[in-house]
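Trainee: Residue 251 in full-length UniProt numbering sits at position 251 of the sequence shown, and the numbers go up by one each step.
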Amino acid sequence: MTTVTLNMYDLSRGMAQQLSPALLGKTIDGVWHTGVLVFGQEYFFGGGGIQAMAPELVVQRYGMQPVRTIPLGETNLSQQQLEQFLRENSSRFTDATYDLLRHNCNNFTDEVAKFLVGSGIPQYIIDLPNEVLNSPFGAMLRPMLENMNNQMHAAPGDQLFSIPFNDPSRATLAAPVAATTPASVSSNTSSMALASRRFKISGTPSLYLNKMVQRIKTLNTEQLLSRDEISALDALSLDVTTDRKEFDSTKSKEWWTIVNKLVGLGHESTFFFPALGLFRVLLLQPTTVSEAVAEKKACFEAVVCVAEIEPSPLTCAQKILLLAVLLNAFANSEFSDLALSSSTRFLPFVFATIADVSTSPDVRVLSSNVISNCCLAIKVGEEVVVTALVCGAVETLDRISRHHSCSIQQQTIEGIIVGLGRLLHSFEVARSLSIDLGLAEVLRRLNVAPGLDAIQALVTEVVALI
Numbered sequence: 001m002t003t004v005t006l007n008m009y010d011l012s013r014g015m016a017q018q019l020s021p022a023l024l025g026k027t028i029d030g031v032w033h034t035g036v037l038v039f040g041q042e043y044f045f046g047g048g049g050i051q052a053m054a055p056e057l058v059v060q061r062y063g064m065q066p067v068r069t070i071p072l073g074e075t076n077l078s079q080q081q082l083e084q085f086l087r088e089n090s091s092r093f094t095d096a097t098y099d100l101l102r103h104n105c106n107n108f109t110d111e112v113a114k115f116l117v118g119s120g121i122p123q124y125i126i127d128l129p130n131e132v133l134n135s136p137f138g139a140m141l142r143p144m145l146e147n148m149n150n151q152m153h154a155a156p157g158d159q160l161f162s163i164p165f166n167d168p169s170r171a172t173l174a175a176p177v178a179a180t181t182p183a184s185v186s187s188n189t190s191s192m193a194l195a196s197r198r199f200k201i202s203g204t205p206s207l208y209l210n211k212m213v214q215r216i217k218t219l220n221t222e223q224l225l226s227r228d229e230i231s232a233l234d235a236l237s238l239d240v241t242t243d244r245k246e247f248d249s250t251k252s253k254e255w256w257t258i259v260n261k262l263v264g265l266g267h268e269s270t271f272f273f274p275a276l277g278l279f280r281v282l283l284l285q286p287t288t289v290s291e292a293v294a295e296k297k298a299c300f301e302a303v304v305c306v307a308e309i310e311p312s313p314l315t316c317a318q319k320i321l322l323l324a325v326l327l328n329a330f331a332n333s334e335f336s337d338l339a340l341s342s343s344t345r346f347l348p349f350v351f352a353t354i355a356d357v358s359t360s361p362d363v364r365v366l367s368s369n370v371i372s373n374c375c376l377a378i379k380v381g382e383e384v385v386v387t388a389l390v391c392g393a394v395e396t397l398d399r400i401s402r403h404h405s406c407s408i409q410q411q412t413i414e415g416i417i418v419g420l421g422r423l424l425h426s427f428e429v430a431r432s433l434s435i436d437l438g439l440a441e442v443l444r445r446l447n448v449a450p451g452l453d454a455i456q457a458l459v460t461e462v463v464a465l466i
C-alpha cells in the first residue's frame with residue numbers, strides 16, 4: 001500500500017486571508033492550487049497540461065511552499081497504473097481545456113484521488129474558485145492567478161512525466177518571475193511626470209449647488225427638514241458663492257447634520273441624489289477637525305455602505321455623485337484618513353464601475369481619479385490597501401490593454417497609472433506584487449497601443465519603477 005497526500009498551495013500568497021474579511025465579509029484562508037503526492041512524485045494540472053515532478057522541484061520551480069498537507073489515504077494501485085490512467089485522460093486536461101473556474105487543478109486532483117483511494121478531495125477546495133473569483137475581490141486576484149497558471153507550463157523540452165526528480169538542475173528552467181527579487185528603487189529617483197500630479201477634485205464648490213438646494217426644498221413636502229434647516233441650506237449657497245476662507249463652526253455643524261439626515265435615508269430615497277451633491281460641496285470647504293465629527297463619520301459610512309451593495313443599485317447620476325464624494329474625500333485633509341480606512345470596502349465598486357461596459361467615458365475617468373487620489377493619500381503601514389489597489393489596477397489595465405479601443409480610455413488609463421506610479425515609488429510590497437501580477441507586460445502592451453502616444457512617457461516611467 002502506498003500513501004496518497006494532497007499538497008495545497010495558496011496562489012494568492014497570503015492576500016486572500018489578508019483582504020477577504022474586508023472585501024468578502026468572511027475569512028478565506030487561501031486560493032488553492034493542489035497536487036497529488038504519491039510514488040515520490042507530485043501530479044498536478046496547470047496551464048501546460050498534466051505534469052509530474054518531485055515535490056522539492058515544485059517548490060524550486062514555482063517558488064511556492066505547500067501551506068497544508070492533507071492525507072487522502074492509501075492505494076494498492078501501482079505507479080504504472082496511475083500514469084496509464086493519466087495518459088488515457090490527458091486529452092481532457094490540456095492547455096486548451098484549462099478553465100480557472102470550471103476545469104482547474106482541483107478538479108484534476110479530485111479525479112486522481114477518486115482513482116487512487118476511492119474518494120475525492122475536500123469539497124470546499126473545489127467550490128472555492130466559484131465562491132471567490134466571481135466576486136470583485138476575485139477580480140482583483142484573477143491576474144495573479146492567471147499569471148501563475150501561465151508559469152505552470154512544462155519547461156522547454158519537457159514532456160509529460162519526463163521530469164526526473166533526481167535532476168535538480170531542471171528546476172531552474174522555468175523559474176517564475178515571482179521568484180525574482182524586484183530591483184530596488186532609489187529614494188532619490190525624481191519623477192517629473194508623476195510628481196506633477198496632485199489631488200484631483202470634483203467640480204467647483206458652487207457647481208449645481210443652487211439646483212441641489214432647490215431640489216431638496218421641492219422634495220421637502222412632508223417637512224422632513226425644518227424651516228431653520230432650509231434657511232441653513234440657503235446660507236450654504238451664500239457662503240459658497242462669497243468664497244469665504246473659513247466657515248462659521250455653528251453653521252458647519254448644521255450643514256453636516258442636514259446631510260447626515262438626508263444621506264441616512266438610503267439610496268432609494270429621492271433625497272439621496274441632492275444629498276450627495278451637498279456632501280461633495282462640503283468636502284471642498286475649509287473646516288476644522290473638531291467640527292461635527294460624529295455627523296461626518298456617519299455621512300461617509302452611509303455612502304460606503306451603499307457602495308458595498310452588489311450588484312450596485314445606483315443610477316448613473318447617483319454613481320457620478322457618489323464617486324465625486326469619494327474623490328473629494330481623499331483631497332480633503334480631514335477626511336483623507338477616514339477614506340483610507342474604508343477604502344477596501346468601496347474600491348471594488350470603483351473598479352467595477354470602470355469594468356462595466358455600460359459606463360460612460362466620463363464616469364470611468366472619474367473612477368480612475370478616485371484610484372489615483374487614494375494612491376496619493378496612502379501612508380506607510382497601509383499594506384492591505386496597497387495590495388487591493390495594485391491587484392485591482394493591474395486587473396483593470398489588463399482588460400483595457402486587450403481591447404482595440406483602449407485609445408478612447410486614455411484619461412482612465414492615465415489616472416490609474418499615476419496612482420500605480422506613486423505606489424511603486426513608495427512601497428516595496430507594491431513592486432513585489434506588480435511582478436507577481438505581470439504588470440510590466442500589461443504596461444508594455446499599453447505602450448505600443450495606437451492612440452496612447454500622449455501617455456507613453458508616463459507608461460515608460462512606471463515600467464522603470466517595477
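C-beta atoms are modelled at their ideal positions from N, C-alpha and C, and glycine is treated no differently.
Would you check if the distance between the CB atom of Trp-256 and the CB atom of Lys-297 is smaller than 8 Å?
Mentor: In this structure, Lys-297 does not lie closer than 8 Å to Trp-256 by Cβ.
Trainee: Beta strand (DSSP E) containing Tyr-62: first to last residue?
Mentor: Where Tyr-62 is concerned, there is no enclosing beta strand (DSSP E), although the alpha helix (DSSP H) it sits in stretches over 55-62.
Trainee: Please classify Met-1: does DSSP put it in a helix, a strand, or coil?
Mentor: Note: Met-1 maps to coil in three-state DSSP.
Trainee: Do you know whose CA, among Leu-116, Asp-110 and Phe-115, lies nearest Tyr-124's CA?
Mentor: Nearest C-alpha to Tyr-124: Asp-110.
Trainee: Start and end of the alpha helix (DSSP H) containing Val-38?
Mentor: Premise fails: Val-38 lies in the beta strand (DSSP E), 32-38, not in any alpha helix (DSSP H).
Trainee: Starting from the N-terminal side, write out each stretch of the alpha helix (DSSP H) that is 4 residues or longer and does not extend beyond the segment 200-283.
Mentor: 209-219, 227-241, 249-263 and 272-282, all fully within the segment 200-283.
Trainee: With Glu-361 as the anchor, note down where its alpha helix (DSSP H) starts and where it stops.
Mentor: The identity of residue 361 in the sequence shown is Pro, whereas the question assumes Glu. Per DSSP, Pro-361 belongs to the alpha helix (DSSP H) from 361-377.
Trainee: For the segment 414-429 against the segment 381-396, are there 3 or more C-beta pairs whose distance is under 8 Å?
Mentor: Touching, per the Cβ criterion.
Trainee: Using the rule of at least 16 other Cβ atoms within 10 Å of the residue's Cβ for burial, across every protein chain shown, is Pro-274 buried or exposed?
Mentor: Flag for Pro-274 reads buried.
Trainee: Residues in the same chain with beta-carbon distance under 8 Å from Thr-5, minus the five sequence neighbours each way, listed in chain order, please.
Mentor: The residues are Val-36, Leu-37, Val-38, Thr-69, Ile-70, Pro-71 and Leu-72.
Trainee: Alpha carbon to alpha carbon, what distance is there between Arg-431 and Val-281?
Mentor: Rounded to the nearest angstrom, the two C-alpha atoms are 36 Å apart.
Trainee: Roughly how many angstroms separate the alpha carbons of Ser-284 and Gln-60, rounded to a whole number?
Mentor: According to the sequence displayed, residue 284 carries Leu and not Ser. Rounded to whole angstroms, Leu-284 to Gln-60 spans 53 Å at the Cα level.
Trainee: Quick one: give me the first and last residue of the alpha helix (DSSP H) that Gln-79 is part of.
Mentor: Here the alpha helix (DSSP H) through Gln-79 covers 79-89.
Trainee: How big is the Cα-Cα spacing for Glu-455 and Met-212?
Mentor: Here the sequence assigns Ile to residue 455, which means Glu is not the residue at that position. The alpha-carbon atoms of Ile-455 and Met-212 are separated by roughly 37 Å.
Trainee: I'd like to know whether the C-beta atoms of Glu-310 and Ser-252 end up nearer to each other than 8 Å.
Mentor: No, the pair does not count as a contact, with Cβ atoms beyond the cut-off.
Trainee: With a threshold of 7 Å, establish whether the CB of Val-112 neighbours any heavy atom of the ligand NAD.
Mentor: The model on display carries no ligand, and the ligand NAD is accordingly not part of it.
Trainee: Would you kindly work out how many angstroms separate the C-alpha atoms of Met-53 and Glu-42, rounded to a whole number?
Mentor: Going from the Cα of Met-53 to the Cα of Glu-42 covers about 5 Å.
Trainee: At the level of alpha carbons, what is the spacing between Ser-231 and Val-365?
Mentor: Cα to Cα, Ser-231 sits roughly 36 Å from Val-365.
Trainee: For Ala-16, name the three-state secondary structure that DSSP assigns.
Mentor: Ala-16 falls in the helix class under three-state DSSP.
Trainee: Would DSSP call His-425 helix, strand or coil?
Mentor: DSSP places His-425 in helix when its eight states are reduced to three.
Trainee: Any contact between the segment 361-380 and the segment 327-338? By contact I mean 3 or more CB pairs, one from each, below 8 Å.
Mentor: Yes, the segment 361-380 touches the segment 327-338.
Trainee: Whole angstroms is fine: what's the gap from Ser-169's alpha carbon to Ile-413's?
Mentor: The predicted position of Ser-169 is uncertain, since its pLDDT is 34 and thus under 50; no value can be drawn from it.
Trainee: For Ser-269 and Ser-119, I'd like the C-alpha separation in whole angstroms.
Mentor: Cα-Cα distance, rounded: 53 Å.
Trainee: Tell me the rounded alpha-carbon separation between Asn-106 and Ala-393.
Mentor: One C-alpha to the other measures close to 28 Å.
Trainee: DSSP three-state label for Gln-318, please.
Mentor: Looking at Gln-318 - three-state DSSP - the assignment turns out to be helix.
Trainee: Going by Cα to Cα distance, which pick from Asp-356, Phe-351 and Pro-361 is closest to Ser-372?
Mentor: Comparing Cα-Cα distances from Ser-372 to each of Asp-356, Phe-351 and Pro-361, the minimum goes to Phe-351.
Trainee: Quick check: what's the CA-CA separation for Glu-229 versus Thr-221?
Mentor: Spanning the two alpha carbons is a distance of roughly 14 Å.
Trainee: DSSP on Thr-27, reduced to helix/strand/coil?
Mentor: Three-state DSSP puts Thr-27 in coil, outside helix and strand.
Trainee: Of the choices Ser-343, Thr-344, Val-293 and Thr-359, whose alpha-carbon is the least far from that of Ala-317?
Mentor: Out of Ser-343, Thr-344, Val-293 and Thr-359, Thr-359 has the C-alpha closest to the C-alpha of Ala-317.
Trainee: Please decide whether Ala-464 counts as near chain B, where near means a Cβ-Cβ distance under 8 Å.
Mentor: Looking for chain B here will not work: only one protein chain is present.
Trainee: Which residue marks the beginning of the beta strand (DSSP E) containing Gln-41, and which one marks its end?
Mentor: From DSSP, the beta strand (DSSP E) with Gln-41 extends over 41-46.
Trainee: Should Asp-436 be labelled buried (16 or more other beta-carbon atoms within 10 Å of its own) or exposed?
Mentor: With 16 or more other Cβ atoms within 10 Å, it is buried.
Trainee: Provide the residue span of the beta strand (DSSP E) that contains Ile-70, from first to last.
Mentor: Per DSSP, Ile-70 belongs to the beta strand (DSSP E) from 68-75.
Trainee: Where does Ala-438 sit, in a helix, a strand or coil, going by DSSP?
Mentor: The question names Ala, but residue 438 is Gly in the sequence shown. If DSSP states are grouped into helix, strand and coil, Gly-438 belongs with coil.
Trainee: Report the rounded CA-to-CA distance for Ala-235 versus Ser-226, giving the unit in angstroms.
Mentor: Whole-angstrom Cα-Cα distance: 14 Å.
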